[in-house]
Amino acid sequence: MMRNGDLESRGAAKGRTHNNVSSYQPYYVETSESQWTSWLVPMIVVANVAMFIVIMIINNCPKNNYGIRGQCVAKFLGRLSFQPLNENPLFGPSSNTLEKLGALEWSKVAHQRQAWRLITCIWLHAGVIHLIANMLSLVFIGIRLEQQFGFVRVGAIYLLSGIGGSILSCLFIQRSISVGASGALFGLLGAMLSELLTNWTIYSNKVAALFTLVVIIVINLALGILPHVDNFAHIGGFISGFLLGFVLLFRPQFGYLESRQLPPGARLKSKYAVYQYVLVLVALILLIIGFTVGLVMLFRGENGNDHCSWCHYLSCVPTSKWSCNN
């Protein structure tokens with residue numbers, strides 16, 4: 002196993018659990034908006050792949066591995082070859098390399114004030130398997146959202162959800178390092194749910210769409226209780242994205258577009274429903290409170306488990322087959 006046990010695999014499973022979401026495609030009843038061209042999501046995929054190549058070049062297994070844990074995998078790749086599988090079964094670098102390049106580590110964030118790790122860890126991956134799983138999930142989820150809402154809103158949800166996942170992970174998992182985009186991906190998944198709820202009136206087959214999405218979310222979060230999976234990053238990212246979806250992804254209510262075609266003097270339907278304004282306000286307040294409290298606790302060096310004795314079960318449930326101590 003790798004030093005410190007879980008990357009965000011804690012890492013591998015984080016990305017692996019997202020591949021189901023491609024089946025969710027609700028249909029609009031009413032929209033006259035043209036779709037955006039998706040370029041941000043492809044750019045994020047390219048950036049993550051490029052970053053992984055840089056990580057492997059810096060890792061340079063043939064030079065830095067002394068054969069203590071086995072031989073480098075795929076030596077024909079030269080300095081791009083992978084760490085021994087008993088150290089990293091995901092075909093990737095060592096935990097030392099990931100830590101050096103910005104992996105999430107509680108002590109460095111809380112005590113050494115390296116807050117930048119809350120962001121850099123989102124762009125690191127534990128291995129090829131982890132990278133492919135997360136990037137496929139990003140394409141399935143992100144392109145649809147970007148086409149509907151544009152790169153600014155989707156980019157903001159992706160980044161802020163990733164940070165939200167990093168904060169919650171750092172508060173509750175303090176003995177391991179973590180890397181990966183799964184918190185950001187769960188944020189996009191949460192935004193899909195809140196977008197469906199706040200734009201409820203413009204959807205057909207809305208109950209079926211809601212049921213399908215909820216099942217997908219529950220399955221993905223349930224898989225997070227397996228060992229070596231950073232489910233706190235999933236949960237933090239999901240909650241952040243869910244709230245951000247109310248703030249950033251609301252649309253005009255059903256009937257508004259048609260009402261603009263009525264003759265002068267006719268009563269126009271309001272653009273947004275009252276409940277949409279309420280959801281925006283409540284979600285914005287909760288976001289500000291959540292991020293403020295989380296950051297204050299983190300930089301005071303507090304352990305979230307001291308305030309919630311059962312919360313550790315949200316990330317790993319011990320069984321006769323595995324232990325959650327490592």
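Each residue of the sequence shown is one higher than the one before, starting from 2 at the first, in this note's numbering.
No residue lacks a Cβ here, since even glycine has one placed at the ideal position from N, Cα and C.
* **Contact belief for Phe251 with Asn206 at Cβ below 8 Å, rounded distance in angstroms** => Not really, about 20 Å apart at Cβ, beyond 8 Å.
* Simplified DSSP state of Val215, which is helix, strand or coil -> Helix.
* To do: Taking Leu190 as the reference, give the member of Ile168, Ile144, Ser95 and Leu299 with the closest Cα.
  => Looking at the Cα atoms, Ile144 is the closest of the given residues.
* **Expected contact under 8 Å - CB spacing of Leu81 and Ile45 to nearest Å** => In this structure Leu81 is not in contact with Ile45, their Cβ atoms being roughly 22 Å apart against a cut-off of 8 Å.
* Identify the residues that DSSP records as bridge partners of Val74: which are they? -> Val74 is bridged by DSSP to Phe83.
* Of the choices His131, Lys109 and Val55, whose alpha-carbon is the least far from that of Val230? -> Minimum Cα distance to Val230 is reached at His131.
* Asked: Which of the three DSSP states, helix, strand or coil, is assigned to Leu227?
  -> Of the three classes helix, strand and coil, the one that applies to Leu227 here is coil, per DSSP.
* Asked: Touching or not, the segment 271 to 279 and the segment 301 to 312, by the rule of three or more beta carbon pairs under 8 Å?
  -> Touching, no, given that fewer than three Cβ pairs across the two stretches are closer than 8 Å.
* Asked: Cβ atoms of Thr98 and Asn60: under 8 Å apart, would you say?
  -> Yes, Cβ-Cβ distance for Asn60 and Thr98 is below 8 Å.
* Contact check, Gly225 vs Gly188, beta carbons under 8 Å -> If you check the CB distance, Gly225 and Gly188 do not come in under 8 Å.
* Asked: Looking at the structure shown, is Tyr314 part of a helix, part of a strand, or coil, going by DSSP?
  -> Judged by DSSP in its simplified three-state form, Tyr314 adopts helix.
* 8 Å contact criterion, which Gly237 and Gly166 should meet: CB distance rounded -> About 4 Å separates the two Cβ atoms, so the contact holds.
* Asked: Helix, strand or coil for Ser1 per DSSP?
  -> Because the chain in this structure spans residues 2 to 327, residue 1 falls outside the shown range and cannot be described.
* Asked: By Cβ distance, which residues of its chain are closer than 6 Å to Asn5, with the 5 residues on each side in sequence left out?
  -> Any reading at Asn5 needs caution, since the residue's pLDDT is 43, under 50, leaving its predicted position unreliable; the model's value is listed next. So the qualifying residues of the chain are Ser96, Ser177 and Ile178.
* Which word fits Val22, buried or exposed, when buried means at least 16 other C-beta atoms lie within 10 angstroms of its C-beta? -> Annotation note: pLDDT 40 at Val22 (below 50); position unreliable, coordinate value reported separately. Around the beta-carbon of Val22, 16 or more other beta-carbon atoms lie within 10 Å, marking it buried.
* Asked: In the DSSP assignment, what are the bridge partners of Leu105?
  -> Answer by DSSP bridge pairing, in chain order: Ser179.
* Asked: Would a C-beta distance cut-off of 8 Å place Met193 and Leu214 closer than the cut-off?
  -> The answer is yes: Cβ separation under 8 Å.
* Taking the alpha-carbon positions, what's the Glu106 to Pro253 distance? -> If I take the Cα positions, the gap works out to 43 Å.
* Would you tell me roughly how many angstroms separate the C-alpha atoms of Leu288 and Phe239, rounded to the nearest one? => Answer to the nearest angstrom: the Cα atoms are 12 Å apart.
* **Simplified DSSP state of Cys309, which is helix, strand or coil** => Three-state result, Cys309: coil.
* Report the rounded CA-to-CA distance for Gly295 versus Trp117, giving the unit in angstroms. => If I take the Cα positions, the gap works out to 15 Å.
* Asked: Which residues in the same chain as Pro27 place their Cβ atom closer than 6 Å to its Cβ, once the five residues preceding and following it in sequence are excluded?
  -> Any reading at Pro27 is ruled out, since the residue's pLDDT is 47, under 50, leaving its predicted position unreliable.
* To do: State the start and end residues of the unbroken alpha helix (DSSP H) segment that holds Lys64.
  => Where Lys64 is concerned, the enclosing alpha helix (DSSP H) stretches over Cys62 to Asn65.
* Using the C-alpha atoms, what's the distance from Val42 back to Ala157? -> Their backbone Cα atoms lie some 12 Å apart in a straight line.
* Through-space distance from Gly93 to Gln115, alpha-carbon basis -> For Gln115 and Gly93, the gap between their C-alpha atoms comes out near 24 Å.
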